[in-house]
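Reading through the structure tokens given below for one structure.
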Amino acid sequence: EDQVTQSPEALRLQEGESSSLNCSYTVSGLRGLFWYRQDPGKGPEFLFTLYSAGEEKEKERLKATLTKKESFLHITAPKPEDSATYLCAVQVPSNTGKLIFGQGTTLQVKP
Amino acid sequence: DAGITQSPRYKITETGRQVTLMCHQTWSHSYMFWYRQDLGHGLRLIYYSAAADITDKGEVPDGYVVSRSKTENFPLTLESATRSQTSVYFCATERTGDQPQHFGDGTRLSIL
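Residue numbers (my numbering), protein chains in the order written: chain A, -15 to 95; chain B, 6 to 117.
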């Protein structure tokens, strides 16, 4: 069964304290892995897509990496405005466009 | 440029009632999706549609009905609401089947 697991469930950081979020996946085949950010009361907002092992994407203080079994979202010198829930999702090869989501990591960055 | 509009944003209803959640997109994306988000379960796919008049079940379809007569609209109906359907519902669209999905801001549904 295709499965996506994110850890930790919650993470508290001090402003400037770098860390990483993990997304492990077990799927029959990987078409793409997606990272989203979700703020309270809002829908998920797209951040990155990764397609193959070894690929990396960066945006401001965020960097996403991908291996054959997991992806990491590295947060460098976070600021309070980075506080949000970060969701990971995988897409398996099909023509349906369906995503399988992990349960998310809720990040709180304290000033 | 509204993108995706979900309505209503908040809804309170009683068990046994029928309720319809609306999703409208301005992009003409082929694919549309309905998810529910619950604590401890993350986002779970209810139904999806690859084009007008083409719909299929997702992970948790029981108790829900969808239709898609026009590309831009994808309503979700709870035919006889139950308390277990209390949740936040998100609609999403995607252009080709292999691109990132774009989400609306959700409908918070409470069933008493």
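Cβ coordinates follow ideal geometry from the N, Cα and C atoms, glycine included.
Rounded C-alpha distance that separates B:L83 from A:G38: 44 angstroms
Beta carbon proximity, B:Q104 to chain A, threshold 9 angstroms: yes
Three-state secondary structure assigned by DSSP to B:Q23: coil
Contacts that B:G47 makes with chain A (C-beta to C-beta distance below 8 angstroms): L71, F85, G86, Q87, G88
Alpha carbon of A:P28 to alpha carbon of B:A86, nearest angstrom: 26 angstroms
Within-9 angstroms CB hit, A:K26 to chain B: yes
Distance between beta carbons of B:Y69 and B:Y53, contact taken as under 8 angstroms: With 8 angstroms as the limit, B:Y53 and B:Y69 do not qualify as a contact, their Cβ atoms being about 12 angstroms apart.
Backbone secondary structure at A:D66 - three-state DSSP: helix
Nearest to A:W19 (by Cα), restricted to the options A:E1, A:F30, A:E65, A:L91: A:F30
Per DSSP, cross-strand counterpart(s) of A:Q22: A:T69
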